[in-house]
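The sequence shown begins at 1 in full-length UniProt numbering and counts up one residue at a time. Encoded as structure tokens, the structure appears first; notes follow it.
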Amino acid sequence: MAITLGTAGHVDHGKSSLVQALTGINPDRWEEEQRRQMTLDLGFAWFSTPAGHSVNLVDVPGHERLIKNMLAGVTGFDGVLFVVAADEGMQPQSHEHLQILNQLGIEHGLIIISKIDLVDAEWLEFISGDIQAQFAATSLANAPIVPVSARTGAGMAQLLQALDQLISQLPARTIQKQHPHLPIDRVFSIDGFGTVVTGTLRDGNLSVGMEIEILPQQLRGRIRGLQSQQISYVSVQAGMRVAVNLSGIERQSLKRGDVLTLPQTFEPTNLLDVLIETTTAAPSLSHNQPLQLYLGSAELSCTLALLDCDTLPAKQQAFGQLRLQHPTIAQRGDRGILRRASPAATVAGIRVLDAHPQRHRRMRPAVIEQLQQLANGLPHEILLQHIQQQCLTWQELQQRSGFDSPTALAALNIGCNNGLISIVSATMATLTASSLITSTAYWSQLQANLRQILAEYHAMWPLRTAMPREELRKRMGLAANSFNQILNALAAQPWLSVEATQIKLTEHQAQPSPGQQAQIQALLGLWQSNPALPPSREQWPKLDPELWRYLLQTEQLIQIGAEVYFLPKQYHQMHTWVLEQLAAGQSISLAQARDAWQTSRKYAQAMLEHCDQLRITRRVGDLRVAY
């Protein structure tokens, strides 16, 4: 299993020196970093522990002005090496880094007291106790303390042993989420190879040759090559630090904070429902306050809408909605950090509850109850919240829930068995990624809505035999795929009649009134007097357009051209004659057709052109032959 650990701590506390001592690699990539002896951006290195564990190290900057670079690096950490200099102890950025790690829920790590060669044993004992006390109420409360000196090598053997112990205690990384998710933390180009992006692969696998998509820009490309720890791979898996060589995408179109994934896997969002927890020393947050959100490797400007309070003091929780200035990629369960721009400070941590919510009105009990379920509910209750008032495909529902496949399947099974969730067009045994799923309550509501729309349509247009399929879809406000699955599921219902292009309630029968029937008979009488020579437009009586539509829908008249109609019997006789001529290997001239049908040139020509449109015949000179 690939392990990614990151450093944290105040500037000049020895993070980069420690990384170099462990790996032999100087993580300060830039000349300015090496000249100033201060990490300005993310650095990367790797090594193997005595027990053979392969470890990627991400070295983050410690300076206050570079916190945003530090936050971009925290994505994908399995654990942290928190470095505190023995001669200085906890400093301002030590505290801020600790707050950030605590808000992100990072529980696994080591507290490394560096530069122990600069202090005596008594001071080291004192500073160790102080550090332990300051970590006590955080997610790293149980992290072991390891004193070291990167300069003299003191404690390095014990550090390696502690690292192996830490790695053995890390929870097994799940790779059940099939779709790869790579937050990009670095973009560059190499002569002869082109664009390269790097990051820690959160979920899924990547392979050479795979078509990928960069979000939120929706750029498509292919993977030309993959590397991890400067070794080329055909495929890589979740947890690995990877460099991805891309074809088809220009370096200038990419930036830190973008996400590499598969096409049509994630949908960018501008709105996030979140659970907010303010830091210990944070100033009160207020409704509609502008903030910076750090999520994945992205930095995003946003506005905070507090949904259940007007202000949020330090060390408190609340539900909120983040309205982003630019779209991003997020999943339920993602953690992020909120910072104030001026004066710069980390003010809160967030946990994403819904990455694709509706825009909420504030102080609404129903909204708060829904968010409480998303924050604390059982898996099947969380699935239900995402489909209370909508249909989602199984793939979309898994994506929005943030669950791995086994958890999502188990939750779906419980929801179905409890009668809370309905699989519209399948069963648990036949479930596919495109199967439509909704709440049982909404499924009943959908059916009632469909019946009501059809009933209203039939009442408004009693002479129309059915409602056009596309018109019904638009009235219901459904996507084509969802609508088709719903109709397929309802096709066997005795109250509904579903045809290729139209739909009706089974009970509906188009029936003209006695007065309308008399008008119809008078009109048809004009055709019946000489079926082969129907009346011209000037001879038609004035008729309601709905009656004309009814005559065509019920095939009492058949239209073959502009203002050219025949009775069904006459039409079928002419149609059959054409088929018989072609079956005998005969071509057809306009004059032959006119004489055979005992009609005029105008109507014979209209019928032959109609046969051309039906691809029964085709015109060759003045003749028609089989198509």
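Glycine included, every Cβ here is placed at the ideal spot set by N, Cα and C. All figures in this text were calculated on a predicted structure; none of them were measured in a lab.
DSSP has residue i in a bridge; who is on the other side?
i: Ser587; result: Partner(s): none; Ser587 has no beta bridge.
i: Tyr565; result: Gln559
i: Asp59; result: Gly43
i: Pro147; result: Ile113
i: Arg571; result: With the sequence shown as reference, residue 571 is identified as Tyr, and Arg is not the correct amino acid for it. Per DSSP, none; premise fails for Tyr571.
i: Ile106; result: In the DSSP output, where bridge partners are listed per residue, Ile106 has none listed.
i: Thr195; result: Ser189 and Leu246
i: Ala8; result: Phe82
i: Glu211; result: Arg222
i: Ala348; result: Thr278 and Leu338
i: Arg256; result: In the DSSP output, where bridge partners are listed per residue, Arg256 has none listed.
Does the Cβ-Cβ distance between residue i and residue j come in under 8 Å?
i: Ser435; j: Thr407; result: no
i: Ile113; j: Ser128; result: yes
i: His386; j: Leu397; result: yes
i: Ile368; j: Asp310; result: no
i: Asp164; j: Ile214; result: no
i: Gln321; j: Pro268; result: no
i: Leu420; j: Leu384; result: yes
i: Pro353; j: Arg332; result: Note on residue identity: the sequence assigns Leu, not Pro, to residue 353. It is a contact, given that the beta carbons lie within the stated cut-off.
i: Asp203; j: Ala238; result: yes
i: Asp117; j: Ala154; result: yes
i: Val80; j: Gly6; result: yes
i: Met90; j: Ile145; result: no
i: Asn245; j: Val196; result: yes
i: Leu526; j: Gln539; result: yes
Straight-line CA distance for residue i to residue j?
i: Phe266; j: Asn418; result: 30 Å
i: Gly477; j: Thr346; result: 42 Å
i: Val58; j: Phe44; result: 5 Å
i: Ser422; j: Ile486; result: 12 Å
i: Arg335; j: Arg351; result: 5 Å
i: Arg220; j: Gln399; result: 20 Å
i: Ile184; j: Thr49; result: 27 Å
i: Trp443; j: Ala489; result: 11 Å
i: Val187; j: Leu226; result: 14 Å
i: Pro343; j: Leu291; result: 11 Å
i: Ile329; j: His97; result: 24 Å
i: Glu31; j: Ser232; result: Reliability of the predicted coordinates at Glu31 is poor, the pLDDT of 44 falling under 50, and the value obtained from them is presented with this limitation in mind. Roughly 27 Å between the two C-alpha positions.
i: His63; j: Val11; result: With a pLDDT of only 48 at His63, under the threshold of 50, the placement of this residue in the model should not be trusted; the figure read from the coordinates follows. Whole-angstrom Cα-Cα distance: 5 Å.
i: residue 629; j: Val625; result: Coverage of the chain is limited to positions 1 through 627, which leaves residue 629 absent and any answer about it impossible.
i: Gln445; j: Ala51; result: 59 Å
i: Pro535; j: Gln556; result: 15 Å
i: Arg224; j: Ser207; result: 9 Å
i: Thr198; j: Ala137; result: 34 Å
i: Ser247; j: Val148; result: 45 Å
i: Gly585; j: His575; result: 16 Å
i: Gln34; j: His13; result: In this prediction, Gln34 scores a pLDDT of 39, lower than 50, which makes its location untrustworthy; no coordinate-derived value is stated.
i: Ala510; j: Leu496; result: 15 Å
i: Leu271; j: Gly402; result: 16 Å
i: Ile453; j: Ala491; result: 17 Å
i: Gln217; j: Ile249; result: 11 Å
i: Gln158; j: Leu18; result: 13 Å
i: Ala596; j: Arg451; result: 50 Å
i: His95; j: Thr440; result: 49 Å
i: Glu88; j: Phe193; result: 46 Å
i: Gln388; j: Gln370; result: 10 Å
i: Asp612; j: Val620; result: 11 Å
i: Leu262; j: Ala433; result: 15 Å
i: Leu124; j: Gln134; result: 15 Å
Report back the beta-carbon spacing between residue i and residue j to the nearest angstrom; my notes put them in contact at under 8 Å.
i: Gly105; j: Leu140; result: Between Leu140 and Gly105 the Cβ distance is about 10 Å, and since that is not below 8 Å, they are no contact.
i: Lys115; j: Ala86; result: 5 Å
i: Leu182; j: Leu260; result: 4 Å
i: Glu553; j: Thr617; result: The question names Glu, yet the displayed sequence has Gln at residue 553. Between Thr617 and Gln553 the Cβ distance is about 27 Å, and since that is not below 8 Å, they are no contact.
i: Ser600; j: Leu533; result: 6 Å
i: Leu463; j: Glu546; result: 5 Å
i: Val564; j: Ala606; result: 4 Å
i: Thr438; j: Gln390; result: 7 Å
i: Pro514; j: Thr506; result: That belief does not hold up - the Cβ atoms of Pro514 and Thr506 are roughly 25 Å apart, past 8 Å.
i: Thr278; j: Gln316; result: 6 Å
i: Gly76; j: Thr4; result: 5 Å
i: His326; j: Leu295; result: In fact, because the Cβ distance is near 12 Å, the residues do not count as touching under 8 Å.
Beta strand (DSSP E) runs wholly inside the stretch 277 to 334, at least 3 long, in chain order: 289 to 295, 298 to 306 and 317 to 328
Segments of 3+ residues assigned as beta strand (DSSP E) that fall wholly inside the stretch 393 to 439: 421 to 423 and 436 to 439
Sequence ranges, alpha helix (DSSP H) only - wholly within the stretch 434 to 485, length at least 4: 440 to 460 and 469 to 476
Where in the stretch 154 to 185 do unbroken runs of the beta strand (DSSP E), each at least 3 residues long, occur, reported from the N-terminal end onward? none
Could you tell me which uninterrupted beta strand (DSSP E) segments, each at least 3 residues in length, are contained entirely in the stretch 503 to 560, listed from first to last along the chain? none
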